[in-house]
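Reviewing the structure listed below.
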RNA sequence: GGUCCGAUGGCCGAGUGGUUAGGCUCAGCUCUGCAAAAGCUGCUACAGCGGUUCGAAUCCGCUUCGGACCUCCA
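Residue numbers (the working numbering): 278 to 778.
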């Protein structure tokens, strides 16, 4: 197929991705360029997302943004899990959403709506772009039933007492179960704990495709086998296949989903549609840690974005802005764990300020007829950084070269032409803005309105005349009083500027 | 117990078989009535012990420590 209207960036040819399926760094070659299918496992909407969840979605946000920048036409699917995710082991566990609904005396769908809203609000706050499609598990019950039937007709699933289980043993006779996560089926069987109520399963490794609902189970649907609900792993197989096809390019999710969730997804797809691997590139975002430990709800060491911004949490010395957090996370590579700490957040806050201040300065840089900067080389290095498995830390380091140029040019120590200035501006807009999703955070406090500028200009003028009269007491008084109400005066060469704290 | 991963300067964090990561902190300087802010400059680290190599922090082995997954988790 030719797509003359869609032009890929020349840099697109050099993108490499650490592929967890092959355990190597592979050149990215989409199945149907310039189209790319990207699926990311979304949240289970039974409670507020915490900062660790945010990291994963941020990781794939930047990957999505960069693929867009390269000119790919991406269908980005990120699901909402609103049924089927169980608490505890898969036989006795209660549905998370149902459990929460019972606890709060609400309809399950009220829970789903509340935490879906929360999730989407949080994504917006961190400037994480919405996916092309955000499908829900409950919206695809029919397709899930159809996929179960397909798997059963291929002989890889069996019914037991109204529930359907995937037959891992049988599957592994013909296919490789455990290829993604590097598990050996015998090791897995040895490590499996003895669980109560496993009698329905033929093998402890089997997992549920459909569960018959107990008498008190709130969320249930009719099926050929029982009134019940789908297993957790099934929804991602169904929705990815429906929207991206039986084989697609990139599947993402948190590292903790690699096994068993993603392994089961692969088994389900092959079990239903045959031997072809459904996904070509598997990418897993690594965990956010606190004192070296994974942040998770069950550990109780997580905090919500609201707590982060307000600073209202015992782990936080004070609040941090969403862009500070975004920048902090992008200073580490997605494939490594990242340790949260107040010191690191504060360092990121300062670094971000410097980067953004330089970006804002570009527009007003003085230009000269000849220039002494190599913008094209800088651009090459930016693309090279991102092409090397989306290496945002190196991208940031590269942009700081630009920061230095900007500051030197502003001080007249470096020559830059108008053309270079405009290229530099575009470079920052592309990589800091479009790719990393950084944006200027406007002060949203109630003190800011259109009159503030005029008011402050007047005050600065009065203070300047006091200074001209060498009335230091008055000048300092004005500065101190303003500081007391949260307005900072910055004296510069060409007069004073100000900003709210 | 099984599988896998990591250990980098005061802190956070990249990368690489031989050449500056970067940010923050700190110090000096510039600017400045003073202070702050801002800018410039400086600060050369790779857990320990062996091995391979002309050369290893980077490859291999062992040790110590830490973590993830194997059960719900992004």
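Glycine residues also receive a C-beta, built at the ideal position from the N, C-alpha and C atoms.
Here the structure is a predicted model, which means the values were calculated and not measured.
### Message
Taking the alpha carbon of residue 674 as the reference point, which residue from 638, 687, 660, 685 has its own alpha carbon closest?
### Response
For residue 674, the nearest C-alpha among the options comes from 660.
### Query
In three-state terms, what does DSSP make of residue 311?
Three-state result, residue 311: coil.
### Message
Check for me: the alpha helix (DSSP H) holding residue 549 runs from which residue to which?
### Response
Per DSSP, the unbroken alpha helix (DSSP H) holding residue 549 starts and ends at 540-550.
### Task
Could you give the DSSP three-state label for residue 561: helix, strand or coil?
Residue 561: strand per DSSP, three-state reduction.
### Task
Could you check how far apart the C-beta atoms of residue 434 and residue 486 are, in whole angstroms? I think they sit under 8 Å.
At roughly 6 Å, the Cβ-Cβ gap stays under 8 Å, so residue 434 and residue 486 are in contact.
### Message
Do residue 648 and residue 707 have their beta-carbon atoms positioned less than 9 Å apart in this structure?
### Response
No, Cβ-Cβ distance for residue 707 and residue 648 is not below 9 Å.
### Message
With three or more beta-carbon pairs closer than 8 Å as the criterion, would you say the region 528-541 touches the region 301-319?
### Response
With a cut-off of 8 Å, the region 301-319 and the region 528-541 count as touching, because enough Cβ pairs lie within range.
### Message
Just to confirm the assignment: which complete beta strand (DSSP E) runs, minimum length 3, are found wholly within the region 388-418?
### Response
If we require 3 residues or more, the region 388-418 turns out to have no beta strand (DSSP E) run fully inside it.
### Query
Does DSSP classify residue 320 as helix, strand or coil?
Coil at residue 320, not helix or strand.
### Query
When you compare only the Cα positions, how much space is there between residue 544 and residue 448?
If you take the alpha carbons of residue 544 and residue 448, they lie about 8 Å apart.
### Task
Pick out whichever of 650, 689, 662, 664 has its Cα sitting closest to the Cα of residue 679.
Of 650, 689, 662, 664, the smallest CA-CA separation from residue 679 is found for 650.
### Task
Measuring alpha carbon to alpha carbon, tell me which of 444, 418, 440 ends up nearest residue 513.
The option with the nearest alpha carbon to residue 513 is 418.
### Query
Are the beta-carbon atoms of residue 593 and residue 568 separated by less than 9 Å?
No; because the gap between Cβ atoms is not below 9 Å, this pair is not in contact.
### Task
Buried or exposed for residue 604, please, with buried defined as at least 16 other CB atoms from any protein chain shown within 10 angstroms of its CB.
It counts as buried.
### Task
Compute the beta-carbon to beta-carbon distance between residue 672 and residue 663, rounded to the nearest angstrom, for a pair I have assumed lies under 8 Å.
Between residue 672 and residue 663, the beta carbon gap of about 6 Å places them in contact (Cβ cut-off 8 Å).
### Task
Tell me whether residue 360 is buried or exposed, calling it buried when 16 or more other Cβ atoms sit within 10 Å of its Cβ.
Label assigned to residue 360: buried.
#### Entry: Rounded separation between residue 686 and residue 303 - CA only
Cα atoms of residue 686 and residue 303: separation of roughly 40 Å, rounded to the nearest angstrom.
### Query
In chain order, what residues of the same chain lie with their CB nearer than 7 Å to the CB of residue 330, ignoring the 5 residues before and after it?
Once the five neighbours on either side are set aside, the close Cβ partners of residue 330 are 320.
### Task
Determine the extent of the beta strand (DSSP E) in which residue 293 is found, giving its start and end residues.
Element bounds for residue 293: 293-296.
### Task
Excluding the 5 residues preceding and the 5 following residue 424 in the sequence, name in chain order all residues of the same chain whose CB lies nearer than 6 Å to its CB.
Counting only Cβ-Cβ distances below 6 Å, and skipping sequence neighbours, we find 515, 549.
### Message
On the criterion of 16 or more Cβ atoms from any shown chain inside 10 Å, does residue 389 qualify as buried, or is it exposed?
### Response
Per the 10 Å Cβ criterion, buried.
### Message
With distance defined between alpha-carbon atoms, name the residue in 626, 580, 397 nearest to residue 717.
### Response
In terms of Cα proximity to residue 717, the closest of 626, 580, 397 is 626.
#### Entry: Secondary structure of residue 381, DSSP reduced to three states
Residue state for residue 381 is assigned as helix, using DSSP reduced to three classes.
### Query
Fully enclosed by the region 693-767, which alpha helix (DSSP H) runs are 4 residues long or longer?
Complete alpha helix (DSSP H) runs here, min 4: 695-705, 727-745, 749-761.
### Where residue 350 falls: helix, strand or coil (DSSP)
Collapsing the DSSP output to three states places residue 350 in a strand.
### Message
Spatial neighbours of residue 352 within its chain, please: C-beta separation below 8 Å, excluding the five flanking residues on both sides.
### Response
Cβ neighbours of residue 352 beyond the five flanking positions: 312, 313, 314, 315, 409, 410, 520, 521.
### Query
Are residue 561 and residue 297 touching if we call contact CB-CB under 9 Å?
Cβ distance < 9 Å, so residue 561 and residue 297 count as in contact.
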